[in-house]
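Enquirer:
Number of protein chains: 2
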Amino acid sequence: MEEKKFKVYLKEKQELIDSALDSLLSREDIFPMILHRAMRYSVLAPGKRIRPILCLAACMAVGGKEEDALAPACALEMIHAYSLIHDDLPAMDDDDLRRGRPTLHRAFNEGTAILAGDALLTLAFEVVAVAKRLTDRQVRQIITELAIGAGHRGMVGGQQADLNAEGKTITPEELKYIHSHKTGALLVASVLCGAIIGDAGPKQMVHLKKYGQANGLAFQIKDDLLDIEGKSAKLGKSTGQDKKAEKATYPSIWGIEASREKLKEATATAFALLESFGEEAEPLREIARFIGEREA
Amino acid sequence: MEEKKFKVYLKEKQELIDSALDSLLSREDIFPMILHRAMRYSVLAPGKRIRPILCLAACMAVGGKEEDALAPACALEMIHAYSLIHDDLPAMDDDDLRRGRPTLHRAFNEGTAILAGDALLTLAFEVVAVAKRLTDRQVRQIITELAIGAGHRGMVGGQQADLNAEGKTITPEELKYIHSHKTGALLVASVLCGAIIGDAGPKQMVHLKKYGQANGLAFQIKDDLLDIEGKSAKLGKSTGQDKKAEKATYPSIWGIEASREKLKEATATAFALLESFGEEAEPLREIARFIGEREA
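Residue numbers (our numbering), protein chains in the order written: chain A, 1380 to 1675; chain U, 1380 to 1675.
#1: Along the stretch 1512–1525 of chain A, what residues have a CB closer than 7 Å to any CB found in chain U?
#2: Please state whether the Cβ-Cβ distance between A:A1440 and A:F1656 is less than 9 Å.
#3: Classify U:P1675: buried if its beta carbon has 16 or more other beta carbons within 10 angstroms, exposed otherwise.
#4: Give me the DSSP bridge partner(s) of A:R1477.
#5: Report the three-state DSSP secondary structure of A:E1381 (helix, strand or coil).
#6: Apart from the five residues just before and just after U:Y1629, which ones in its own chain have a Cβ nearer than 6 Å to its Cβ?
#7: Confirm, please, whether the CB-CB distance from U:L1395 to U:V1506 is below 9 Å.
#8: Using a Cβ distance threshold of 8 Å, determine whether the stretch 1517–1534 of chain U contacts the stretch 1489–1509 of chain A, with at least three qualifying pairs required.
#9: Kindly indicate which three-state DSSP category A:T1548 falls into: helix, strand or coil?
#10: Which same chain residues end up closer than 7 Å to A:P1662 when comparing Cβ atoms and leaving out the 5 residues on each side of it in sequence?
#11: Say whether the stretch 1533–1550 of chain U touches the stretch 1489–1498 of chain A, bearing in mind that this needs 3 or more beta-carbon pairs closer than 8 Å, one atom from each stretch.
#12: In terms of alpha-carbon separation, which member of U:N1594, U:E1672, U:E1658 and U:K1626 lies closest to U:A1645?
#13: Please name the residue in A:A1417, A:N1488, A:I1549 and A:V1518 whose C-alpha comes closest to that of A:Y1461.
#14: Chain A beta carbons: is any one of them nearer than 9 Å to that of U:H1465?
#15: In the DSSP assignment, the alpha helix (DSSP H) including A:P1451 goes from what residue to what residue?
#16: Quick one: measure Cβ to Cβ for U:V1585 and U:L1433, integer angstroms, because I've assumed they're closer than 8 Å.
#17: Below 8 Å, can you find three or more Cβ-Cβ pairs linking the stretch 1448–1467 of chain A to the stretch 1556–1570 of chain A?
#18: Quick check on the burial criterion: 16 or more other C-beta atoms within 10 angstroms. Buried or exposed for A:D1475?
#19: Compute the Euclidean distance between the alpha carbons of U:G1573 and U:E1672, then round it to the nearest angstrom.
#20: When you compare the CB positions of A:A1544 and A:E1552, do they come within less than 9 Å of one another, or not?
#21: For the stretch 1644–1675 of chain A, list every residue whose C-beta sits within 7 Å of some C-beta in chain U, in sequence order.
#22: Entirely within the stretch 1522–1569 of chain U and at least 3 residues each: give me those beta strand (DSSP E) ranges in chain order.
#23: Is the beta carbon of A:D1578 sitting closer than 9 Å to the one on A:G1490?
#24: Output the distance between the C-alpha atoms of U:K1561 and A:Q1393, rounded to the nearest integer angstrom.
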């Protein structure tokens, strides 16, 4: 796929997902309207929608139907949005800016931010459980992967390790643990959910899982590099935050040059893992390229 | 069932649930041990285990097997524990004491409390999804009920409405909304999950849902009364908290005597709804009695 064609693909899928998220959050019958508004404020904020697109693309890569993957894709974005909300809280990263706008607890208040995060995490599981296009068996498998990826052995575990590490010197192994859990686990779950929906075979599952892991590593190295080199306006969040918080990052441990090298390696690994896949996996390949080269 | 026999029943079920929760949280391989400890601190704190016991009892009442209901019962307690953790946070109720011990954010720290709550909510869904004794169809139905009961149309919606109402004068209708959602919704889900596991018929479902609602109302009126009349030592949390926070409660709106009257009515309604059930529903009847008469 040429770069221009992929940009069109990305935009098309982002719109597809945003429109699905919009309808999933359209109910006007919620009594505490502030909660409804807070949930929408966070989930519908402009974003790359990497996780849902990974889910759609993985489903397609194994011959599944994109529309079958749409509900779980939205669930993944809800989990991602909830994690950002809670991560931004004063007791965590204490961030003021997210996706180009005030963080939820700044725009609303802290209590509402905690609850909107809780509500989005819960809604994610509901959205999967009631998805008409999924079999009972798929629902069960997807919820298992989502919970493993998002929970204490996945994303939340990584956030906790990150919280513990603030202001401390940590080893490269500890840093890898943090990132592979904090960011990587949900990226892996995104790919696995798509694979489940497309009824992937066991071998495909293994390759796609490893592809997700390589992507996760690339994603975080790039994130760390962008925090140093990126522009706040493009990123939609403050840069230099990691240094300010004395957070360990790949560049702070490996140096900038070595980090760039490892980023390239991770992207190459992701590519290699897709070798046995055909043209249907082209979006997955492009996503790997995009993750390593993005500017925001 | 005589009172003494019911006390034995309660204690037996509490031990059954505590032991199941203990094994579900026994993994020693969690890298951020503090997260593991925080989750255990909250879930395994002494408690009445009303929600899981309701789940077991509802399952039995429709002829199901208790052991089939054990995993979802634990999930309900995890959701309850998470809601207490987040509700106690400084940005919410700002409580120092819970179940006779410092609240989680006091015993650990605020960031860890937020994450432990998140992790418990996520684990609850995982525990149901991987429960070997449940069919795929039951898993799907249970997760739907849990999410509806716990999410923005249920418990979290009620917590948000409660947060919004602080320091304001609210109508009896608004108070009923808050409580039927904040407390009632998860109690209803507890009963419904048990009913799903026991393969209840549609009529039984309707009766059990209404039984859960009546129980929820009774539970909250009693809670409000205990906050005024109860002893801090027995409750394991500070009393007079509602007045301190200028929270609307049933006694503050209806007066103490009328609240006691409404409590009796709700308990009677719960009993009436079980009329078509046989002896297997005896625990459900005793739980309704217990909710109205408990001293903590």
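Each residue gets a CB set at the ideal place from its N, CA and C atoms; glycine is no exception.
Expert: Reading from the atomic positions:
#1: D1515, R1516, V1518, R1519, I1522 and T1523
#2: Counted from its first residue, the first sequence places residue 1440 of chain A at position 61. Counted from its first residue, the first sequence places residue 1656 of chain A at position 277. Result yes, Cβ atoms of A:A1440 and A:F1656 sit closer than 9 Å.
#3: Walking along the second sequence from the start, residue 1675 of chain U turns up at place 296. With the sequence shown as reference, residue 1675 of chain U is identified as Ala, and Pro is not the correct amino acid for it. Its Cβ having fewer than 16 others within 10 Å, U:A1675 is exposed.
#4: Reading the first sequence from its first residue, position 98 is the one you call residue 1477 of chain A. Paired residues: A:R1480.
#5: Sequence index remark: in the first sequence, residue 1381 of chain A carries index 2 (1-based). Correct three-state label for A:E1381: coil.
#6: On the second sequence, position 250 is the one that residue 1629 of chain U refers to. Closer than 6 Å at the Cβ level, and outside the excluded window around U:Y1629, lie I1600, D1603 and S1638.
#7: Sequence index remark: in the second sequence, residue 1506 of chain U carries index 127 (1-based). Sequence index remark: in the second sequence, residue 1395 of chain U carries index 16 (1-based). No, these two residues do not count as a Cβ contact at 9 Å.
#8: yes
#9: Residue numbering aside, residue 1548 of chain A sits at position 169 when the first sequence is read from its first letter. Coil at A:T1548, not helix or strand.
#10: What you label residue 1662 of chain A is simply residue 283 of the first sequence in a count that begins at 1. The answer, listed in chain order, is Y1388, A1436 and M1439.
#11: yes
#12: Looking up residue 1645 of chain U in the second sequence gives position 266. Per the Cα distances, U:N1594.
#13: The residue you call residue 1461 of chain A lines up with position 82 of the first sequence. Looking at the Cα atoms, A:A1417 is the closest of the given residues.
#14: As a working note, residue 1465 of chain U is residue 86 in the second sequence. At least one chain A Cβ lies under 9 Å of U:H1465.
#15: Translated into positions along the first sequence, residue 1451 of chain A becomes position 72. First-last of the alpha helix (DSSP H) with A:P1451: L1449 to D1467.
#16: In the second sequence, counting from the first residue as 1, residue 1585 of chain U sits at position 206. In the second sequence, counting from the first residue as 1, residue 1433 of chain U sits at position 54. Contact doesn't hold; Cβ gap of about 17 Å is too wide.
#17: yes
#18: As a working note, residue 1475 of chain A is residue 96 in the first sequence. Result: exposed.
#19: Position 194 of the second sequence holds residue 1573 of chain U. Position 293 of the second sequence holds residue 1672 of chain U. Rounded to whole angstroms, U:G1573 to U:E1672 spans 23 Å at the Cα level.
#20: Sequence index remark: in the first sequence, residue 1544 of chain A carries index 165 (1-based). Sequence index remark: in the first sequence, residue 1552 of chain A carries index 173 (1-based). The answer is no: Cβ separation not under 9 Å.
#21: none
#22: none
#23: Within the first sequence, numbered from 1, the residue matching residue 1578 of chain A stands at position 199. Within the first sequence, numbered from 1, the residue matching residue 1490 of chain A stands at position 111. No; because the gap between Cβ atoms is not below 9 Å, this pair is not in contact.
#24: As a working mapping, residue 1561 of chain U is identified with position 182 in the second sequence. As a working mapping, residue 1393 of chain A is identified with position 14 in the first sequence. Cα-Cα distance, rounded: 35 Å.
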